[in-house]
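Chemist: Structure in structure tokens, see below.
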Amino acid sequence: MNDQGSGNWLDGKAHQAMIDNGFEPEFSNEVWEQIKQIQADGVPTDVGVRDMRDLLWSSIDNDSSRDLDQIEWAEQLDNGDIRVLVGIADVDSRIPVYSPIDMHAAQNTVTVYTQSEIFPMLPEELSTDLTSLNEGVDRHAVVAEMTIKENGDVPESTFYRALVNNRAKLSYEEIGPWLDGNADVPEKVAGIPGLREQIELQDKAADRLQAYRTVKGALQFESIESTAVVENGEVKSIRSVEPNGARKLIENFMVAANVEMAEFLENNGALSLRRVVNTPKDWEGIVRIAAEFREHLPAEPDQPALAAFLAKRRAADPDHFPDLSLSIIKLIGSGEYVVQRQGEDAGGHFGLAVRDYAHSTAPNRRFTDIVVQRLVKSVIDKTPSPYSADELDSIAEHANQQEKGARKVERKMRKIVAASVMQRHIGENFDAIVTGDTSAGVFARILRPPVDGRIVNGEYNVKVGDKIRVRLLSANPNNGFIDFAVN
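Positions 713 to 1199 (this note's numbering) are the ones given, in order, by the sequence shown.
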């Protein structure tokens, strides 16, 4: 077999891509020495921690996820409100500021997910064990407690430290079809008393949050996500990751917790690290896209108007909506981290239609979330801020740079993996949709497997949005290029 596409070859490409973009793919000896000490120290015994292990906590994540950052629990109140608790892994309790592990996380800033290999921000001895909210083990967490009204408003929230125990590790793949009405209650859910009612109540609360954000103009996108199927170190195929009700549930709880955490820091006069998208970088471009569909958008950025346009296009052309979503997302621009100082306005998040937003719910995977967690804990514990404003400025600037680098690594490896899979199918025909027409060429996405490539023969006879039949001409794993011809 050609070694292009083999596990070792792909891993080598991924490691080099990490190095080329300023990441450290390996942990230092000092990190491993610190891990040994953490393992020897045992479970932290901090004072001021609530014991909440009796609640029916559960987590929902990807089936393959082992770094569990978030667990949930909900309670129906007599007045119609729903109390939601989101427990976030207390990673800070295990990692002192400026320790070797902390410095490695500060350098890489994120876990980088390539189709062939995952480069964790933290050693797996932490991220998948000691700081992961794994099923059936006691773990420390920072809890966001929120009251959700019937209209989805969150009038009050509070934060505290707690000892928790995840009673059920669930997955999007098993919970989503059930919540969408396409499958029976999962066996694991049915087998734990009260869990079915608990998940249904959480789903009800998530629907409220979603409805409230929609009224405010939150943008509802849909993207084509894919994952590689790896067997014995070799990528065999690529499959789509379908959106479902379970992903919506977790996303809404995540957004709510992030909003409330940002407000908590501001209300307590603390420094904060915000995630902002103030205004689209190219609103005129978005207006032009809408005009191509004979739709009018205002001359100035308008969230509700854009949300209505997106909803209309999703209903009119669901097959092409993910590609429209991607085009709009690119024109809005990526978010960035900025420091929120007392009395200043760092800006809001245009896509989510919220003024206050901080990344906080993935501390095993993002360094900025560890930083925000430390800021929140300093308020809870009434201790000095662990960071100065200047230190936070440096953290934000570096995190913005590394986020761009991570996207480059992931995009490069996604193309390489796709080409390594498709080289086995040269000469075959596929259903496709034309997704782009740029100075670099005309591009199409085949539906099964979900792979993008350039049309190099027959491109002058098609336009964006056309559903066509294509033949695979070539696939080069070295550079990730895939070429199609229109039949």
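By construction, the Cβ of each residue, glycine as well, lies at the ideal position given by its N, Cα and C atoms.
Looking at C-alpha atoms only, which residue of N990, P1013, P992, A1058 is the closest neighbour of E975?
Modeler: Here residue 975 corresponds to residue number 263 of the sequence shown, with the count starting at 1. Minimum Cα distance to E975 is reached at A1058.
Chemist: Let me make sure I understand the geometry here. Which of R778, Q819, L789 has the alpha-carbon closest to that of G1117?
Modeler: Here residue 1117 is taken as the residue at index 405 of the sequence shown, counted from 1. Here the closest residue by C-alpha is Q819.
Chemist: Quick check: what's the CA-CA separation for Q746 versus I1082?
Modeler: Against the sequence shown, residue 746 aligns to sequence position 34. Against the sequence shown, residue 1082 aligns to sequence position 370. So the two alpha carbons sit approximately 18 Å from each other.
Chemist: Figure out for me which residue from Y872, I731, P737 has the closest Cα to the Cα of R762.
Modeler: Numbered from 1 along the sequence shown, position 50 holds the residue referred to as residue 762. Out of Y872, I731, P737, Y872 has the C-alpha closest to the C-alpha of R762.
Chemist: Mapping the DSSP letters down to three states, classify D1195 as helix, strand or coil.
Modeler: Residue mapping note: residue 1195 aligns to position 483 of the sequence shown, counting from 1. Strand at D1195.
Chemist: DSSP three-state label for K861, please.
Modeler: Along the sequence shown, one-based indexing puts residue 861 at 149. Looking at K861 - three-state DSSP - the assignment turns out to be coil, as it is neither helix nor strand.
Chemist: If you reduce the DSSP assignment to three classes, tell me which class S1039 lands in.
Modeler: Taking the sequence shown and counting its residues from 1, one reaches residue 1039 at position 327. In this structure, S1039 counts as helix in the three-state DSSP scheme.
Chemist: From L977 to L1087, what does the alpha carbon distance come to, in whole angstroms?
Modeler: By one-based count along the sequence shown, residue 977 stands at place 265. By one-based count along the sequence shown, residue 1087 stands at place 375. In a straight line, the C-alpha of L977 is about 8 Å away from that of L1087.
Chemist: Mind listing, in chain order, the continuous alpha helix (DSSP H) runs of no fewer than 4 residues lying wholly within the region 942 to 983?
Modeler: If we require 4 residues or more, the alpha helix (DSSP H) runs fully inside the region 942 to 983 come out as 957 to 979.
Chemist: In the DSSP assignment, find the alpha helix (DSSP H) that holds E1004 and state where it starts and stops.
Modeler: In the sequence shown, counting from the first residue as 1, residue 1004 sits at position 292. First-last of the alpha helix (DSSP H) with E1004: 995 to 1004.
Chemist: What would DSSP say about F1021, mapped onto helix, strand or coil?
Modeler: Residue 1021 sits at position 309 when you count from the first residue of the sequence shown. Here F1021 sits in helix by DSSP.
Chemist: Leaving out five residues on either side along the sequence, give the residues of the same chain with a beta carbon under 8 Å from the beta carbon of V743.
Modeler: The sequence position of residue 743 within the sequence shown is 31, counting from 1. The answer, listed in chain order, is P812, I813, H816, P835.
Chemist: Name the one or two DSSP bridge partners that R986 has.
Modeler: By one-based count along the sequence shown, residue 986 stands at place 274. Note: R986 sits in a beta bridge opposite V1050.
Chemist: Alpha carbon to alpha carbon, how far is F1021 from A1111? Give it in angstroms, no decimals.
Modeler: By one-based count along the sequence shown, residue 1111 stands at place 399. By one-based count along the sequence shown, residue 1021 stands at place 309. Cα to Cα, A1111 sits roughly 33 Å from F1021.
Chemist: By a C-beta neighbour count over all protein chains shown, 10 Å radius and 16 as the cutoff for buried, is S828 buried or exposed?
Modeler: By 1-based counting over the sequence shown, the position of residue 828 is 116. S828 comes out buried.
Chemist: Just to confirm my understanding: we take Q1015, look at its own chain, exclude 5 residues before and 5 after, and list those with CB closer than 6 Å. What are they?
Modeler: Here the question's residue 1015 lines up with position 303 in the sequence shown. Contacts found: G929, A1065.
Chemist: Helix or strand or just coil, what does DSSP make of T1080?
Modeler: Residue 1080 sits at position 368 when you count from the first residue of the sequence shown. The answer is helix: DSSP assigns T1080 an H, G or I state.
Chemist: If we ignore side chains and look at the alpha-carbon of each, how far apart do E1103 and L983 end up?
Modeler: On the sequence shown, residue 1103 is found 391 positions in, with the first residue counted as 1. On the sequence shown, residue 983 is found 271 positions in, with the first residue counted as 1. Going by the C-alpha atoms only, they are around 11 Å apart.
Chemist: Assuming D915 and L882 are in contact, meaning their beta carbons sit under 8 Å apart, how far apart are those beta carbons, in whole angstroms?
Modeler: Start at 1 with the first residue of the sequence shown, and residue 915 comes out as number 203. Start at 1 with the first residue of the sequence shown, and residue 882 comes out as number 170. Going by Cβ atoms, the distance from D915 to L882 rounds to 12 Å, so no, they are not a contact pair.
Chemist: On the criterion of 16 or more Cβ atoms from any shown chain inside 10 Å, does V1174 qualify as buried, or is it exposed?
Modeler: In the sequence shown, the residue the question calls residue 1174 occupies position 462. V1174 comes out buried.
Chemist: Using DSSP with H/G/I as helix, E/B as strand and the rest coil, what is D735?
Modeler: Along the sequence shown, one-based indexing puts residue 735 at 23. In the sequence as presented, Asp is not what sits at residue 735; that position holds Phe. It is coil, neither helix nor strand.
Chemist: Below 8 Å, how does it come out for the region 1035 to 1055 and the region 991 to 1001: are there three or more Cβ pairs, yes or no?
Modeler: A contact exists between the region 1035 to 1055 and the region 991 to 1001.
Chemist: Using the Cα positions of D1093 and V854, report the straight-line distance between them to the nearest angstrom.
Modeler: Here residue 1093 is taken as the residue at index 381 of the sequence shown, counted from 1. Here residue 854 is taken as the residue at index 142 of the sequence shown, counted from 1. Roughly 12 Å separates the two Cα atoms.
Chemist: Is it the case that the Cβ atoms of N970 and S1072 are separated by a distance below 9 Å?
Modeler: Here residue 970 refers to the residue found at position 258 when the sequence shown is read from its first residue. Here residue 1072 refers to the residue found at position 360 when the sequence shown is read from its first residue. Cβ distance < 9 Å, so N970 and S1072 count as in contact.
Chemist: Give the range of the alpha helix (DSSP H) segment to which G888 is assigned.
Modeler: Translated into the one-based positions of the sequence shown, residue 888 becomes position 176. Unbroken alpha helix (DSSP H) run through G888: 884 to 891.
Chemist: Quick one: using the 10 Å Cβ neighbour count with 16 as the cut-off for buried, is D782 buried or exposed?
Modeler: Here residue 782 corresponds to residue number 70 of the sequence shown, with the count starting at 1. The amino acid occupying residue 782 in the given sequence is Gln; Asp does not appear at that position. Buried, by the Cβ-count rule.
Chemist: Who are N877's beta bridge partners in DSSP?
Modeler: Walking along the sequence shown from the start, residue 877 turns up at place 165. DSSP lists D850 as partners of N877.
Chemist: Within a Cβ cutoff of 8 Å, which residues of the same chain sit near A1101, ignoring the five residues on either side of it in sequence?
Modeler: For the purposes of this step, residue 1101 is identified with residue 389 of the sequence shown, where counting begins at 1. These residues qualify, in order along the chain: L983, V1051, R1053.
Chemist: Using a threshold of 9 Å, state whether the C-beta atoms of W769 and L845 are closer than that.
Modeler: Counting from 1 along the sequence shown, the entry for residue 769 is found at position 57. Counting from 1 along the sequence shown, the entry for residue 845 is found at position 133. Their beta carbons are under 9 Å apart, which means W769 touches L845 by this criterion.
Chemist: Which value, in whole angstroms, describes the spacing of the CA atoms of N714 and Q1135?
Modeler: Translated into the one-based positions of the sequence shown, residue 714 becomes position 2. Translated into the one-based positions of the sequence shown, residue 1135 becomes position 423. Confidence at N714 is low in this model, with a pLDDT of 47, below 50, so the placement of that residue is unreliable and no value is reported for it.
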